[in-house]
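Student:
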Amino acid sequence: MEIKIKFENFSLWFGEKPILKNINLEIPEKNVTAIMGPSGCGKTTLLRCINRMNDLIPNVKVCGKVLIDDENIYSENVNLLSLRKKVGMVFQKPNPFPKSIYENIAFGLKIHKFKNIKERVIKALIDANLYDEVKDNLYHSALNLSGGQQQRLCIARAIAIEPEVLLLDEPASALDPIATAKLEELIHKLKKSYTIVIVTHNMQQAARVSDYCAFMYLGELVEFGKTEDVFVRPKDKRTEDFLSGKYG
Amino acid sequence: MKETHKFINFLLFFSSLLTSLLIIFILFFLLSAGLKLFKSISPKEFFFHPVWNPTGYFKNEYGLLPNLWGSILVTFLALIIAIPVGIFSAIFLSEELKKISWLYNLVKGIIELFAAFPSVIIGFFGLVYLAPLIQNLFSLSSGLCVLNGGIILALMCLPTIISICEASISQVPLIYKEAGYALGVSRFQTTLKIVLPTAKSGIIAGILLGFGRAIGETMAMLMVLGNSPITAKSLFSPTRTLTTTIAIEMGETAKNTPHFFALFMLGVILFIISFIVNLIGNYFAQKRIKLII
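Top to bottom, those sequences are chains A and B. Quick note: to get the working numbering, add 6 to the position in the first sequence (first position is 1). Quick note: to get the working numbering, add 394 to the position in the second sequence (first position is 1).
#1: Chain A partners of B/THR592, CB-CB under 7 Å?
#2: Where DSSP assigns a beta bridge to A/ILE11, which residues make up the other side?
#3: Drop a sphere of 10 angstroms on the beta-carbon of B/ALA510, count the other beta-carbons inside from all chains shown, and report buried for 16 or more, exposed for fewer.
#4: Less than 8 Å between the C-beta atoms of A/ASP217 and A/ASN65, yes or no?
#5: Could you give the C-beta distance for A/GLU8 and A/GLU35, rounded to a whole number, given that I count them as a contact under 8 Å?
#6: Measuring only the C-alpha atoms, how far is B/LEU552 from B/ILE640?
#7: What three-state label does DSSP hand B/LEU458 in the structure shown?
#8: Name the residues in the segment 565-590 of chain B whose C-beta lies less than 9 Å from a C-beta of chain A; which are they?
#9: What three-state label does DSSP hand B/ILE528 in the structure shown?
#10: Could you name the residues of chain B that A/MET42 contacts, counting a contact when the two beta carbons are closer than 9 Å?
#11: Closer than 8 Å by beta-carbon distance: list the chain A residues that pair up with B/LYS493, in chain order.
#12: Distance, Cα to Cα, A/SER199 vs A/ILE193?
#13: Pull up the distance between the alpha-carbon of A/GLU125 and that of A/THR201, whole angstroms please.
#14: Under 8 Å between C-beta atoms, does A/GLN117 make it to chain B?
#15: In chain B, what lies closer than 7 Å to A/LYS99 by C-beta?
#16: What residue range is occupied by the uninterrupted alpha helix (DSSP H) comprising B/GLU439?
#17: Tell me, please, whether the segment 114-134 of chain A touches the segment 520-538 of chain B by the rule of three or more beta-carbon pairs shorter than 8 Å.
#18: Kindly indicate if chain B contains any beta-carbon less than 8 Å away from that of A/SER88.
#19: Is there a C-beta anywhere in chain B that falls below 8 Å from the one on A/PHE113?
#20: Which class does B/ILE609 belong to by DSSP, given the choice of helix, strand or coil?
#21: Determine which residues share a DSSP beta bridge with A/VAL203 and list them.
#22: Report yes if the CB atom of B/ILE477 is closer than 8 Å to the CB atom of B/ILE601, and no otherwise.
#23: Helix, strand or coil: how does DSSP classify A/ASN65 here?
#24: Which class does B/SER595 belong to by DSSP, given the choice of helix, strand or coil?
#25: Just to confirm my understanding: we take A/LEU115, look at its own chain, exclude 5 residues before and 5 after, and list those with CB closer than 8 Å. What are they?
#26: Note down the Cα distance separating B/ALA472 from A/ALA112, rounded to an integer number of angstroms.
#27: Beta strand (DSSP E) containing A/ALA134: first to last residue?
#28: Using 8 Å for Cβ pairs, my map puts B/GLY520 next to B/ALA561. What's the rounded Cβ distance?
#29: Just checking my contact of A/GLN211 with A/ALA178 at CB under 8 Å: how many whole Å lie between their CB atoms?
#30: Do you know whose CA, among B/THR554, B/MET550, B/SER465 and B/LEU424, lies nearest B/LEU619's CA?
#31: The beta strand (DSSP E) spanning B/GLY517 covers which residue range?
#32: Does B/ALA648 pass the burial test, meaning 16 or more other C-beta atoms within 10 Å, or should it be called exposed?
#33: Which residues in chain B have a C-beta closer than 8 Å to the C-beta of A/ASN57? List them in chain order.
#34: Using only the alpha-carbon positions, how far apart do A/TYR223 and A/GLY48 sit?
#35: Is there a C-beta anywhere in chain B that falls below 8 Å from the one on A/ARG244?
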């Protein structure tokens, strides 16, 4: 099994405050890796390191390496735009642009100078299990869609530009159970083509969707392994307490 | 308790009624005086005659066009200057300067202060500094001209445009920008293609309210336009606007003469223009608020 993303002795501070402490993590290719942990443990920050979205926050300091395909994305000569084209992201709150459904997907395609935009938009919608629901309203505002549909549109928008990695930051936290089920079904389908990293504080969700699972606590990576191993035989006391619901 | 409540409600209702009645009375007063003009001259002459010469030797001429054209020319020149400058400043303020909060507050404070600047002082600046500059730069006989008026007016409507555009750009939720960045879109493209379209209603509102400010400006225009009642054919020609003609001539005209009524009619036209523009501007401002909520 190939390793797609690798954290090597990676630490991160917001100002003087340590957020991530010496993370070592290997994320396998074309699998779903879940990062779970209680709120404030740094899991979203860890995810946002993979496409360097943390760069937007002032006073961020990092140390160590993050490698994607053996290339350190924190080295000086990395092109942020091509990194983010390669590493797509879907956010906690659905955030389609206030444009039409079609334009939402076509936007990234046009910026990255793809050809056959119309076909690609439709393909992205089909891949995101959304096409049948919106095919008659492609030119209506994306803001009229339901939360679950908006979130799948955001996934369609992300996969349209052909990324290799897909980062999902608690994508179901604002969704109802049915929309969540559809989203999880989609994640299951997408892992054949993409390396997916999903952050969640919902451990049942982590158990349902992921093949590998990381548990974080107060900025440290406590445990990482195959999901069934982590859930059935946690090695660390803290993981066991989290899984048994002692905190969360 | 309930009585006090009722009384206060009545008081509030009464004051708002008073304000709206006042505006309706002003309009009524303007119209009733203005329309008397058409007893002496035909509407066709007023609207289409190209000369404004109310104290002519042989004939008095009351053509709207030179004044209206002056107003439109100066206002549009001002907007051509103020719109790009205003939008770029608004982007710079909200996207860049906001990171340094003390400087941001300082600059914003200065811009808002500028909006409250007495227009006579800005006009004074145009008269004393800008006019000689334009005169020398273009070798003119006088620097009091359309160009001077446009620049001064641009300065005067910039604070309105910047403030409203800035507020509306700042209110574009961060999640939209993040979505852009996460797609590998550069900051420039994200601002141009996501932030600006999202803030569109607010930007249009800012421009229209800036226009409203510009078309109604009197004192500064009086000082920098040269005040010849002619149809300006170039940027270097002196001209008059609806507002300056009223201001200059109202004090010297006899009551209840055609001249007097013609000035009121100019006021009616001005009222209609600013009323419509402000109405549309407020519509967009409201729309912006709805979008954000």
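All C-beta atoms, glycine included, are put in the ideal place defined by N, C-alpha and C.
Tutor: In brief:
#1: Neighbours of B/THR592 on chain A, chain order: PRO104.
#2: A/ILE11 is bridged to A/ILE33 and A/ILE74.
#3: Label assigned to B/ALA510: exposed.
#4: Cβ atoms of A/ASP217 and A/ASN65: not closer than 8 Å.
#5: The pair is a contact, with the Cβ atoms about 4 Å apart (cut-off 8 Å).
#6: Taking the Cα positions, B/LEU552 is about 25 Å away from B/ILE640.
#7: Note: B/LEU458 maps to coil in three-state DSSP.
#8: If you check each beta-carbon in the segment 565-590 of chain B against every beta-carbon of chain A, the ones closer than 9 Å belong to PRO567, LEU568, ILE569, TYR570, LYS571, GLU572, ALA573, GLY574, TYR575, ALA576, LEU577, GLY578, VAL579, SER580, GLN583, LYS587 and ILE588.
#9: If DSSP states are grouped into helix, strand and coil, B/ILE528 belongs with the helices.
#10: Those within 9 Å of A/MET42 in chain B number zero; the least Cβ separation is about 22 Å.
#11: Residues of chain A with a Cβ closer than 8 Å to the Cβ of B/LYS493 are, in chain order, PRO64.
#12: Going by the C-alpha atoms only, they are around 10 Å apart.
#13: The straight-line gap from Cα to Cα measures roughly 24 Å.
#14: Sequence check: residue 117 of chain A is Ile here, not Gln. With its beta carbon less than 8 Å from one in chain B, A/ILE117 belongs to the interface.
#15: In chain order: ILE569.
#16: In the DSSP assignment, B/GLU439 falls within the alpha helix (DSSP H) that extends over 437-442.
#17: When C-beta atoms of the segment 114-134 of chain A are compared with those of the segment 520-538 of chain B, fewer than three pairs fall below 8 Å, so the two segments do not count as touching.
#18: The beta-carbon of A/SER88 is placed less than 8 Å from the nearest beta-carbon of chain B.
#19: So yes, A/PHE113 belongs to the interface.
#20: B/ILE609: helix per DSSP, three-state reduction.
#21: Answer is A/THR39 and A/LEU173.
#22: With respect to the 8 Å criterion, B/ILE477 and B/ILE601 are classified as neighbours on the basis of their beta carbons.
#23: Note: A/ASN65 maps to coil in three-state DSSP.
#24: If DSSP states are grouped into helix, strand and coil, B/SER595 belongs with the helices.
#25: Non-local C-beta neighbours of A/LEU115 in its own chain, meaning closer than 8 Å and more than five positions away in sequence, comprise ILE123, ARG126, VAL127, ALA166 and ILE167, ordered along the chain.
#26: Each residue's Cα considered, the two are about 37 Å apart.
#27: Where A/ALA134 is concerned, there is no enclosing beta strand (DSSP E), given that its DSSP letter is neither H nor E.
#28: The beta-carbon separation of B/GLY520 and B/ALA561, rounded to 28 Å, does not stay under the 8 Å limit for a contact.
#29: Confirmed, Cβ separation roughly 7 Å.
#30: That would be B/SER465, whose Cα lies nearest to the Cα of B/LEU619.
#31: Counting along the chain, B/GLY517 falls outside any beta strand (DSSP E), though it belongs to the alpha helix (DSSP H) covering 513-519.
#32: When all chains shown are included, B/ALA648 counts as exposed.
#33: Within 8 Å Cβ-Cβ: ALA576.
#34: If I take the Cα positions, the gap works out to 8 Å.
#35: No, A/ARG244 does not count as interfacial toward chain B.
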